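Heads up, the sequence shown is in my numbering, so the first residue is 64 and it goes up one at a time.
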Amino acid sequence: MEIAQENRFQILQELFTQDTEGGAKEESPPPPIVFPCEETDWIEIDALLQKNCTAPYECQLKAKSIHLYTKNLKDYSRINQVLIEKSIPHHTYRYECEKPIKAILKNIPPTYAEEIILQELNRRKFPVIKVKQFTKKQKNQNVKLPIYLLELKRTNKGNQIFNLNNLFSFPATVEKFNPKKRPIQCFRCQQYGHSQMFCSNPTRCVKCGLPHRSNECAMKPDEQPMCIFCEGNHVSSYRGCKEYQRKFERKKYQPPQQVPKLNEENFPNMLNAATPRKVLTTLYSEKLKNNIPQPPENIQDAVSWIKDEKVNTFLRTVIPIIGKIKRAKTSADKLQFGFEAAMILIKFAEDEN
Numbered sequence: 064m065e066i067a068q069e070n071r072f073q074i075l076q077e078l079f080t081q082d083t084e085g086g087a088k089e090e091s092p093p094p095p096i097v098f099p100c101e102e103t104d105w106i107e108i109d110a111l112l113q114k115n116c117t118a119p120y121e122c123q124l125k126a127k128s129i130h131l132y133t134k135n136l137k138d139y140s141r142i143n144q145v146l147i148e149k150s151i152p153h154h155t156y157r158y159e160c161e162k163p164i165k166a167i168l169k170n171i172p173p174t175y176a177e178e179i180i181l182q183e184l185n186r187r188k189f190p191v192i193k194v195k196q197f198t199k200k201q202k203n204q205n206v207k208l209p210i211y212l213l214e215l216k217r218t219n220k221g222n223q224i225f226n227l228n229n230l231f232s233f234p235a236t237v238e239k240f241n242p243k244k245r246p247i248q249c250f251r252c253q254q255y256g257h258s259q260m261f262c263s264n265p266t267r268c269v270k271c272g273l274p275h276r277s278n279e280c281a282m283k284p285d286e287q288p289m290c291i292f293c294e295g296n297h298v299s300s301y302r303g304c305k306e307y308q309r310k311f312e313r314k315k316y317q318p319p320q321q322v323p324k325l326n327e328e329n330f331p332n333m334l335n336a337a338t339p340r341k342v343l344t345t346l347y348s349e350k351l352k353n354n355i356p357q358p359p360e361n362i363q364d365a366v367s368w369i370k371d372e373k374v375n376t377f378l379r380t381v382i383p384i385i386g387k388i389k390r391a392k393t394s395a396d397k398l399q400f401g402f403e404a405a406m407i408l409i410k411f412a413e414d415e416n
């Protein structure tokens, strides 16, 4: 007795046929097909590609995987099916036209069952394929919330769900679903970045790491699990895993450090690290007041004063620092540039005397 195999890419082939017959153009290129480098005989795969592809294809080596890019939906669907039939490890992604529209339905009493909402929206010609009600834990019980997740077919009518403003005589609101930015994990091979629906990689158990489905694992509750990433005593989906933390967790926000109080002993030398630091015994204000030459009183003297080589050098040096002070965003930066300008001003005053 021969068992028929289900072709999960048949819908893609049908979509391709419909678009070709109707003269429609493909809106986006097919997603890549990804092969693990260590488990791939590329000579064999390349022979399959040359035999089954009707258009040129491209390959890219990325980290520990090989990405195959086909030119059209027909080749994409055909190659996937051949790889599945030959049990060649690989995974791919949902085609753009297959991705459902996800929306959040609010302001409906939580007593409405998911099936009732599905039937009502379908009656109103919305192509809803799934309704899921949100719940929250409260005193060890799941409490239903007046919030529902909707999944619709990606059609013009499906996009009109966001215009819905009344359901069961309630002023309903529909918003775009924005999921948390977490990496997706495959329930088949446990690797990150794709889902089990489009995965043909070797099966790995999330509990023990052995090659079987997680729901078929015979591990007892008192036995220690093993992570396939770090070999630690936890399941492979544990977000506290050191490998998960290293790959995906961003550094937590760290408050800005307080600027330490500066004095003449710990203040850095801003002019030249090779120049020995002098201990100042007088205030800057007194030093400047006594030594800075007064500007000329008439225009002719002012012109000759500015043309002076020392004055000109001083202005070219200090003006950029003044600009830095204006653009500085923190008090510490302003203080640093201000101190640098003050030191240049003192040196200029000393040279004048």
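We put the CB at the ideal spot given by N, CA and C, even for glycine.
Note that the coordinates shown come from a computational prediction; the quantities given were computed from them, not determined experimentally.
By DSSP, does C271 sit in helix, in strand, or in coil?
-> Translated into positions along the sequence shown, residue 271 becomes position 208. Coil at C271, not helix or strand.
If you scan the stretch 164-216 from start to end, which runs of the beta strand (DSSP E) of 3 or more residues do you find wholly inside it?
-> 164-169, 191-200 and 205-215
Should Y132 and P172 be called a contact, given that it needs their Cβ atoms to be closer than 9 Å?
-> Here the question's residue 132 lines up with position 69 in the sequence shown. Here the question's residue 172 lines up with position 109 in the sequence shown. Inclusion of Y132 and P172 in the CB contact set at 9 Å is not warranted, their separation being larger than that value.
For chain B, find out if any of its Cβ atoms is closer than 9 Å to the Cβ of Q308; answer yes or no.
-> Absence of chain B from the displayed structure is noted, only one protein chain being present.
Nearest-angstrom Cβ-Cβ length linking L235 and N170, presumed shorter than 8 Å = As a working mapping, residue 235 is identified with position 172 in the sequence shown. As a working mapping, residue 170 is identified with position 107 in the sequence shown. Contrary to the premise, residue 235 reads as Ala rather than Leu in this sequence. Contact flag correct, Cβ pair sits at about 5 Å.
R276 beta carbon less than 9 Å from that of R251 = What you label residue 251 is simply residue 188 of the sequence shown in a count that begins at 1. What you label residue 276 is simply residue 213 of the sequence shown in a count that begins at 1. Closer than 9 Å, so yes.
Counting along the chain, where does the beta strand (DSSP E) carrying L227 start and finish?
-> Within the sequence shown, the letter at position 164 stands for residue 227. Where L227 is concerned, there is no enclosing beta strand (DSSP E), given that its DSSP letter is neither H nor E.
Can you give me the Cβ contacts of E183 inside the same chain, cut-off strictly under 8 Å, excluding the 5 residues immediately before and after it?
-> For the purposes of this step, residue 183 is identified with residue 120 of the sequence shown, where counting begins at 1. Once the five neighbours on either side are set aside, the close Cβ partners of E183 are L230 and F231.
Of the choices K200, P209, F240 and V206, whose alpha-carbon is the least far from that of N222?
-> On the sequence shown, position 159 is the one that residue 222 refers to. Nearest option by C-alpha distance: F240.
For the alpha helix (DSSP H) containing S140, list its first residue and its last residue.
-> Taking the sequence shown and counting its residues from 1, one reaches residue 140 at position 77. First-last of the alpha helix (DSSP H) with S140: L136 to E148.
Quickly, what does DSSP pair H257 with across the bridge? List them, please.
-> Here residue 257 corresponds to residue number 194 of the sequence shown, with the count starting at 1. None; H257 has no bridge partner.
From which residue to which residue does the alpha helix (DSSP H) around F98 run?
-> Residue mapping note: residue 98 aligns to position 35 of the sequence shown, counting from 1. Element bounds for F98: not the alpha helix (DSSP H) but the beta strand (DSSP E), I96 to P99.
Using the Cα positions of A166 and P383, report the straight-line distance between them to the nearest angstrom.
-> Reading the sequence shown from its first residue, position 103 is the one you call residue 166. Reading the sequence shown from its first residue, position 320 is the one you call residue 383. Looking at the two C-alpha atoms, the distance is approximately 54 Å.
In terms of residue numbering, what span does the alpha helix (DSSP H) encompassing E306 cover?
-> As a position in the sequence shown, residue 306 is number 243, starting the count at 1. From DSSP, the alpha helix (DSSP H) with E306 extends over K305 to F311.
Own chain, CB closer than 7 Å to K216, minus 5 neighbours either side, in chain order = Residue 216 sits at position 153 when you count from the first residue of the sequence shown. P163, P190 and I192.
Q399 (DSSP reduced to helix, strand or coil) = Here residue 399 refers to the residue found at position 336 when the sequence shown is read from its first residue. Of the three classes helix, strand and coil, the one that applies to Q399 here is helix, per DSSP.
Name the one or two DSSP bridge partners that S394 has.
-> Position 331 of the sequence shown, counted from the start, is the residue given in the question as residue 394. Partner(s): none; S394 has no beta bridge.
Compare the Cα-Cα distances from E456 to each of G386, R157, P209 and C268 and report the closest residue.
-> Residue 456 is absent from the structure shown; the chain starts at 64 and stops at 416.
Looking at the structure shown, is S128 part of a helix, part of a strand, or coil, going by DSSP?
-> Within the sequence shown, the letter at position 65 stands for residue 128. Of the three classes helix, strand and coil, the one that applies to S128 here is strand, per DSSP.
Are the Cβ atoms of I151 and T103 separated by less than 9 Å?
-> Reading the sequence shown from its first residue, position 88 is the one you call residue 151. Reading the sequence shown from its first residue, position 40 is the one you call residue 103. Contact flag set, yes.
What distance in whole Å lies between the Cβ atoms of I247 and S263, which are believed to be in contact at a cut-off of 8 Å?
-> Translated into the one-based positions of the sequence shown, residue 263 becomes position 200. Translated into the one-based positions of the sequence shown, residue 247 becomes position 184. Their Cβ separation, rounded to whole angstroms, is 17 Å, which puts S263 and I247 out of contact at 8 Å.
What's the C-alpha gap between V194 and L181?
-> Numbered from 1 along the sequence shown, position 131 holds the residue referred to as residue 194. Numbered from 1 along the sequence shown, position 118 holds the residue referred to as residue 181. When rounded, the distance between both Cα atoms is 6 Å.
Let me know the secondary structure DSSP gives Q287 once reduced to three states.
-> For the purposes of this step, residue 287 is taken as the residue at position 224 of the sequence shown. Correct three-state label for Q287: coil.
My guess is that I407 and V381 are in contact by the Cβ rule of under 8 Å, so how many angstroms apart are they, rounded?
-> Within the sequence shown, the letter at position 344 stands for residue 407. Within the sequence shown, the letter at position 318 stands for residue 381. Confirmed, about 5 Å.
Are L227 and L168 close, meaning C-beta to C-beta below 9 Å?
-> Taking the first residue of the sequence shown as position 1, residue 227 is located at position 164. Taking the first residue of the sequence shown as position 1, residue 168 is located at position 105. For L227 and L168, yes; Cβs fall inside 9 Å.
Whole angstroms is fine: what's the gap from R157's alpha carbon to Y139's?
-> As a position in the sequence shown, residue 157 is number 94, starting the count at 1. As a position in the sequence shown, residue 139 is number 76, starting the count at 1. Rounded to whole angstroms, R157 to Y139 spans 12 Å at the Cα level.
Helix, strand or coil: how does DSSP classify E294 here?
-> Taking the first residue of the sequence shown as position 1, residue 294 is located at position 231. DSSP places E294 in the coil class of the three-state scheme, outside both helix and strand.
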